[in-house]
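Working notes for the structure below.
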Amino acid sequence: MARLLLGVDGGATKTRALLADLAGRVVGAGTAGSSNYQSVGLERAVTAIVEAIRAAFADARLMPGEDEVAAACFGLAGVDRPDDRERLSGRLERERLGRRMVIVNDSELVLAAGCSDGWGVAVISGTGSICFGRAPDGRTTRAGGWGYILGDEGSGFDIAVQALRLATRTADGRANAPGLLRAALTFWELDAPEQLIGLIYQREAGAPGSVARFATRVLELAEAGDPDARQVLERAADDLALHVATVAWRLGLERPPVAFGGGVLRASALLRQAVYERAGVPLGPAAVVDDPALGALAIARRLAEAPG
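Set out below in structure tokens:
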């Protein structure tokens, strides 16, 4: 008998899987590496998803296959178009991970977890950034999510790069942001600014997820009063606020609830406040989503309860 729900939150940094009973009570959790197939490839993404699920079964002391999953929701970064869903759906179906399955962008998990009535605006800033909205009548739209070359404004990667550019200009004498330069050298344990070149342009150290980790330090400096770090934070806030305003405007939402997700927004109350205040449109209550996988479980539960 199918008696379990499965929710998976797959991002650029890690993949988290939750198992729950049909009432939504979590019974097991597991984690694995990145499952953004745009950056790691389809097979590595599926491998990470399966590893996280197996870890969740082990945590629950259950056996995959013997304890059947009634419905599964996979909220995955990099799943932005119908052909993305098609590719992943075909591959995941071969793994027999649930009787019913749905694949959504990971931004939808934040909305499901943070907006209790099922509509509102979810803005996410982690390694990348995206904003997703749903109207009460079910219409949806999004802004951002274009990746670190074409977009991802206000993301961890973007914040880190803006700070590093100020740091390298300071090393040249073209800017005066000594706090950011010191922070960069300390963060990567370097002796001289020139060493940043060799570090950032290495394949692993220069990967978006690795660079984005510096954003946390930049935000800490901003909250401590460093004016240059504060400048970087305010630029990120303006970018993310524009995402929120655009989504709310396109859906015609009045005072929508807002859900904040992603490691960058979770880490900085100052950034969240700035985004909220700079949106330029009236917003409703705000919530911080610590575990988007709970949103995946909520979607899986609705799927399990749907007729047919």
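Residues 1 to 308, numbered by the UniProt record's numbering, are exactly what the sequence shown covers, in order.
Just so it is clear, CB atoms sit at the ideal spot from N, CA and C, and this is done for glycine as well.
In the DSSP secondary-structure assignment, ASN105 is bridged to LEU76. As DSSP reads the structure, ILE124 sits in a beta bridge with ILE130, GLY261.
Around the Cβ of ILE200, a 10 Å sphere holds 16 or more other Cβ atoms; the residue is buried.
For GLU220, the closest C-alpha among the options SER210, VAL211, VAL232, GLY209 is that of VAL232.
With contacts defined by Cβ atoms closer than 9 Å, ALA259 and GLY114 form a contacting pair. Counting only residues of its own chain and dropping the five nearest sequence neighbours on each side, ARG139 has a CB closer than 7 Å to the CB of LEU251. Within the model, the alpha-carbon separation for THR246 versus PHE214 is close to 28 Å.
Within the DSSP secondary-structure output, THR186 pairs in no beta bridge. Inclusion of LEU4 and ALA70 in the CB contact set at 9 Å is warranted, their separation being smaller than that value.
In this structure, the straight-line span from the alpha carbon of ALA60 to that of GLY98 is close to 17 Å.
Every beta strand (DSSP E) stretch that sits fully inside the region 199-280 and reaches 3 residues is listed by chain position as 258-261. When C-beta atoms of the region 267-281 are compared with those of the region 293-300, fewer than three pairs fall below 8 Å, so the two segments do not count as touching.
Three or more Cβ pairs closer than 8 Å define a contact, and the region 151-159 falls short of that threshold against the region 176-191. Look at the beta carbons and you see the region 168-176 not touching the region 133-148: under three pairs across the two are nearer than 8 Å. Per DSSP, the unbroken alpha helix (DSSP H) holding GLY90 starts and ends at 82-93.
Going by DSSP, VAL50 is part of the alpha helix (DSSP H) stretching over 42-59.
The criterion of a C-beta distance shorter than 9 Å is not satisfied by LEU42 and ARG81. Short of 8 Å from the beta carbon of GLY120, and not among the five residues preceding or following it, lie these beta carbons of its own chain, in chain order: LEU111, GLY114, GLY133, ARG134, LEU253, PRO256, PRO257, VAL258, ALA259, GLY284. Put simply, the backbone Cα of ASP117 is about 13 Å away from that of LEU109.
Distance from the CA atom of HIS243 to the CA atom of CYS131, rounded to whole angstroms, is 6 Å.
Distances from the CA of GLY261 to each of ALA222, VAL211, ALA77, GLY30 were compared; the closest alpha carbon is that of ALA77. The Cβ atoms of LEU270 and GLU223 lie closer than 9 Å to each other. By the beta-carbon neighbour count (other beta carbons within 10 angstroms, threshold 16), PRO208 is buried. Contact annotation: ASP106 and ASP239 have beta-carbon atoms that are not nearer than 9 Å. For ALA287, the uninterrupted beta strand (DSSP E) segment begins and ends at 286-288. In the structure shown, LEU150 falls within a helical segment according to DSSP collapsed to helix, strand and coil.
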